[in-house]
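Below: one structure, written as structure tokens.
Protein chains: 2
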Amino acid sequence: MKIIVDAMGGDNAPRETVLGAVKACEETGIKIILIGRSQEIEPLLNEKNSKNIEVVDAQEVITNEESPVTAIRRKKESSIVKGLGLLKEKKADAMVSAGSTGALMAGGLFILGRFEGVDRPAIAVVIPSKKDPVLLLDIGANSEVKPNNLVQFALMGSIYAREVLKRKDPRVGLLNIGVEEEKGSSVIKSAYSSLKMIKDINFAGNIEARDFFNQNADVVICDGFTGNIFLKTVEGFGMFIFDRLKQEIKKNITYSLGALLLMPAMKAVKSSLDYSEYGGAMFLGLNGVLIKCHGSSDRKAIYNGIKAAKRYAEANINNKLKKSLEINTEGKI
Amino acid sequence: MKIIVDAMGGDNAPRETVLGAVKACEETGIKIILIGRSQEIEPLLNEKNSKNIEVVDAQEVITNEESPVTAIRRKKESSIVKGLGLLKEKKADAMVSAGSTGALMAGGLFILGRFEGVDRPAIAVVIPSKKDPVLLLDIGANSEVKPNNLVQFALMGSIYAREVLKRKDPRVGLLNIGVEEEKGSSVIKSAYSSLKMIKDINFAGNIEARDFFNQNADVVICDGFTGNIFLKTVEGFGMFIFDRLKQEIKKNITYSLGALLLMPAMKAVKSSLDYSEYGGAMFLGLNGVLIKCHGSSDRKAIYNGIKAAKRYAEANINNKLKKSLEINTEGKI
Numbered sequence: 001m002k003i004i005v006d007a008m009g010g011d012n013a014p015r016e017t018v019l020g021a022v023k024a025c026e027e028t029g030i031k032i033i034l035i036g037r038s039q040e041i042e043p044l045l046n047e048k049n050s051k052n053i054e055v056v057d058a059q060e061v062i063t064n065e066e067s068p069v070t071a072i073r074r075k076k077e078s079s080i081v082k083g084l085g086l087l088k089e090k091k092a093d094a095m096v097s098a099g100s101t102g103a104l105m106a107g108g109l110f111i112l113g114r115f116e117g118v119d120r121p122a123i124a125v126v127i128p129s130k131k132d133p134v135l136l137l138d139i140g141a142n143s144e145v146k147p148n149n150l151v152q153f154a155l156m157g158s159i160y161a162r163e164v165l166k167r168k169d170p171r172v173g174l175l176n177i178g179v180e181e182e183k184g185s186s187v188i189k190s191a192y193s194s195l196k197m198i199k200d201i202n203f204a205g206n207i208e209a210r211d212f213f214n215q216n217a218d219v220v221i222c223d224g225f226t227g228n229i230f231l232k233t234v235e236g237f238g239m240f241i242f243d244r245l246k247q248e249i250k251k252n253i254t255y256s257l258g259a260l261l262l263m264p265a266m267k268a269v270k271s272s273l274d275y276s277e278y279g280g281a282m283f284l285g286l287n288g289v290l291i292k293c294h295g296s297s298d299r300k301a302i303y304n305g306i307k308a309a310k311r312y313a314e315a316n317i318n319n320k321l322k323k324s325l326e327i328n329t330e331g332k333i
Numbered sequence: 001m002k003i004i005v006d007a008m009g010g011d012n013a014p015r016e017t018v019l020g021a022v023k024a025c026e027e028t029g030i031k032i033i034l035i036g037r038s039q040e041i042e043p044l045l046n047e048k049n050s051k052n053i054e055v056v057d058a059q060e061v062i063t064n065e066e067s068p069v070t071a072i073r074r075k076k077e078s079s080i081v082k083g084l085g086l087l088k089e090k091k092a093d094a095m096v097s098a099g100s101t102g103a104l105m106a107g108g109l110f111i112l113g114r115f116e117g118v119d120r121p122a123i124a125v126v127i128p129s130k131k132d133p134v135l136l137l138d139i140g141a142n143s144e145v146k147p148n149n150l151v152q153f154a155l156m157g158s159i160y161a162r163e164v165l166k167r168k169d170p171r172v173g174l175l176n177i178g179v180e181e182e183k184g185s186s187v188i189k190s191a192y193s194s195l196k197m198i199k200d201i202n203f204a205g206n207i208e209a210r211d212f213f214n215q216n217a218d219v220v221i222c223d224g225f226t227g228n229i230f231l232k233t234v235e236g237f238g239m240f241i242f243d244r245l246k247q248e249i250k251k252n253i254t255y256s257l258g259a260l261l262l263m264p265a266m267k268a269v270k271s272s273l274d275y276s277e278y279g280g281a282m283f284l285g286l287n288g289v290l291i292k293c294h295g296s297s298d299r300k301a302i303y304n305g306i307k308a309a310k311r312y313a314e315a316n317i318n319n320k321l322k323k324s325l326e327i328n329t330e331g332k333i
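As structure tokens, this is what we get:
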């Protein structure tokens, strides 16, 4: 197993990306290609690392502020473009980056290409819930979708949940504003009708955002606009709650003492809410295994991302997806 | 000031709705019309109440399970239909209900009608944030919108924020998946172009869900699908966090002691997150002042709803809205 790590992606690059890659290499035996500015990467490595870590030089960096499409077209010497090029040439089994999501999506489409039969790739994340974590897609690749895009998200999500998350017969829910079949936009209603007809999908019907955390489904699908709103609401509201708690705690000494005693429990909750623990975001529907870690990833998040990429690559999803797309969507949607 | 209260709406009706109305009547001097099954309402009242509380009999009840449109058409003797009829005849200044949102919206449209110049009424709620609460609309009346609907939401929200929430020159943000002008669906992009041209709107640009709680805007607008997802994500995630904390606390005695000391602070946070404190949801753009309280409202929530209805009615928003719509949308959108 060999994984390309974009050393230059994210707010803490290259230090944390490199150290995360070193940790993954040391602890799991995964071979790594670190791609980026070699003059910045090499001082972070030592002799022991060098056996299983190869450094590929790429002097350009794509930032979050650039137009993704333009950046991919112009910056041929960037870690993202060169990394995806190596992935396409099958020099490695997967690629991990904490760089710009837009640039990774654009680069994925231009360089790797869509997987045959997939009209629109999607971005998926694993989110904690009361029971097992839930796979949510799309979280931002497609602001607007057609019903058949949602059906393909359901197929891709099902296969990912079965093969990587090891769920038996994963239940797929449609994120909606009510559980009744007639709720939501015309696109959602049409997707609902198709989803309940498809044999390979264990369709759980509509799921309200309020019930997401009760894990009534293993996979929840939606358009990228809705998924992004959901995910960022969770992030923002989580920060807001803990911030409010902190403010209250400061108000008197009894509260401060209580907080001190409760600190490990609070930290456990906070960390259980942290979806970067689950390895970041997966691009589904591309010709290659690509994982995007959170922009603020530390070495641990990069390490988790590399482990997730390994599981994703081992599951060999696209072969199973190909069959499923042929059987389930040919002329039916 | 006279306010109609739907005694039969919500999970705790009629007991809590009646007791909330009694409290409002006693503490604020508001005159109340309680509408519903008189045989259930009257035993909850006493002589002292009866001076300022009038009971109007309505034997039918509309439930959340019914089709709103059918229920409004068929159940002429329901508290919602009869209450809205009284509001239309100007027998009162406002109406408060904890009943079905769908039935209230359908009834509002059929019985009260849209306010002249408003193409689609919206439902708004006030949500806590780090600084002042934020007005969010639409949260569910319109799953799909056109750009000019969003512009009208912005005008209605601005006037509500100015006149009822007493914000000076309220900032209006557009809920989106990025702050850049080119983000989001074609509808949102088109609304963005219009919003920045309109003089009466202090447009704050796009607001990401993650930044909602930082109160970068006084009013946040979106389609009813997105608003509903946002609101229910907040509800569901809030429950999930407090549930996780409870589980952790149970794990050892130090945590339990800490939690005990911290309890009042936690309760304060929980209650500051409770948007029913702010009086429920407002229907904007109807010919009449209509407020919907949460279905699980207790007497305090009903009381807060009645006080919010009073402020809303006193602000005489529709007169100001009329002028604003004439000036700002005539031939411009």
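Protein chains in written order, with this note's numbering: chain Y, 1 to 333; chain S, 1 to 333. A virtual CB, placed ideally from N, CA and C, is assigned to each residue, including glycine. If you're wondering where the values come from, they're calculated on a predicted model, not measured in any experiment.
{"Asked": "R73(S) classed as buried or exposed, judged by whether at least 16 other C-beta atoms fall within 10 angstroms", "Found": "exposed"}
{"Asked": "Assigned exposure category for P128(Y) - 16 Cβ within 10 Å defines buried", "Found": "buried"}
{"Asked": "Proximity to R15(Y) [Cα-Cα], best of S67(Y), L290(Y) and D298(Y)", "Found": "D298(Y)"}
{"Asked": "Whether G305(S) touches G10(S) by CB criterion (8 Å)", "Found": "no"}
{"Asked": "Exposure label - T233(S); buried when at least 16 CB within 10 Å", "Found": "buried"}
{"Asked": "Rounded C-alpha distance that separates G140(S) from E208(Y)", "Found": "13 Å"}
{"Asked": "Start and end residues, beta strand (DSSP E) containing N176(Y)", "Found": "R171 to N176"}
{"Asked": "Below-8 Å beta-carbon distance, I333(Y) vs any chain S residue", "Found": "Confidence in I333(Y) is poor, its pLDDT being 44 and thus under 50, which makes the residue's placement too unreliable to answer from."}
{"Asked": "One or two residues paired with N202(S) in a DSSP bridge", "Found": "R171(S)"}
{"Asked": "Same chain only: Cβ atoms within 6 Å of K332(S), ignoring 5 sequence neighbours per side", "Found": "Reliability of the predicted coordinates at K332(S) is poor, the pLDDT of 49 falling under 50, and no value is obtained from them."}
{"Asked": "Local conformation of A94(Y) per DSSP, three classes", "Found": "strand"}
{"Asked": "Under 7 Å by beta carbon: chain S residues contacting D218(Y)", "Found": "What D218(Y) touches in chain S: nothing, since even the nearest Cβ is about 17 Å away."}
{"Asked": "CB contact below 8 Å: N143(S) versus chain Y", "Found": "According to the sequence displayed, residue 143(S) carries Ser and not Asn. By this cut-off, S143(S) is an interface position."}
{"Asked": "Beta-carbon spacing of L137(S), I198(S) below 8 Å", "Found": "no"}
{"Asked": "Where D119(S) sits in the DSSP three-state scheme", "Found": "coil"}
{"Asked": "Start-to-end residues for the alpha helix (DSSP H) that takes in A281(S)", "Found": "It is not in any alpha helix (DSSP H) - A281(S) instead sits in the beta strand (DSSP E) that spans A281 to L284."}
{"Asked": "Simplified DSSP state of D243(Y), which is helix, strand or coil", "Found": "helix"}
{"Asked": "Classification of Q419(Y) by the beta-carbon crowding that lies within 10 angstroms, buried from 16 upward", "Found": "Residue 419(Y) lies beyond the range of chain Y shown here (1 to 333); nothing can be said about it."}
{"Asked": "Residue range of the unbroken alpha helix (DSSP H) whose run includes G10(S)", "Found": "Here G10(S) belongs to no alpha helix (DSSP H), and DSSP marks it neither H nor E."}
{"Asked": "F110(S), buried or exposed, once every other Cβ within 10 Å from all chains shown has been counted against 16", "Found": "exposed"}
{"Asked": "The region 110-123 of chain S touching the region 183-200 of chain S, judged by at least three CB pairs closer than 8 Å", "Found": "no"}
{"Asked": "C-beta contact flag for S194(Y) and V151(Y) at 8 Å", "Found": "yes"}
{"Asked": "Proximal chain S residues relative to L245(Y), where beta-carbon distance stays under 8 Å", "Found": "A265, M266 and V269"}
{"Asked": "Opening and closing residue of the beta strand (DSSP E) in which E40(S) lies", "Found": "Run containing E40(S): none in the beta strand (DSSP E); it sits in the alpha helix (DSSP H), S38 to I41."}
{"Asked": "Where D6(Y) sits in the DSSP three-state scheme", "Found": "strand"}
{"Asked": "4-residue-minimum alpha helix (DSSP H) runs that sit fully inside the region 304-329 of chain Y, ordered along the chain", "Found": "317-329"}
{"Asked": "Backbone secondary structure at S67(S) - three-state DSSP", "Found": "coil"}
{"Asked": "Cutoff 7 Å; reference K23(S); Cβ partners in own chain excluding five residues on either side", "Found": "R299 and Y303"}
{"Asked": "Partner residues on chain S for V234(Y), Cβ-Cβ distance less than 8 Å", "Found": "T233 and F237"}
{"Asked": "Separation of G107(S) from E26(S), as counted between CA atoms", "Found": "29 Å"}
{"Asked": "Residue interval of the alpha helix (DSSP H) (run including L155(Y))", "Found": "P147 to E163"}
{"Asked": "Closer than 8 Å to chain Y by CB, A315(S)", "Found": "no"}
{"Asked": "Close Cβ partners of A92(Y) (< 7 Å) along its chain, the five nearest in sequence each way excluded", "Found": "K2, I3, I4, I33 and L86"}
{"Asked": "Closer than 7 Å at the beta carbon, the chain S residues around R210(Y)", "Found": "K232, E235 and G236"}
{"Asked": "The region 246-261 of chain Y in contact with the region 50-68 of chain Y per 3-pair CB rule at 8 Å", "Found": "no"}
{"Asked": "Status (buried if at least 16 other CB within 10 Å, exposed otherwise) for N142(Y)", "Found": "buried"}
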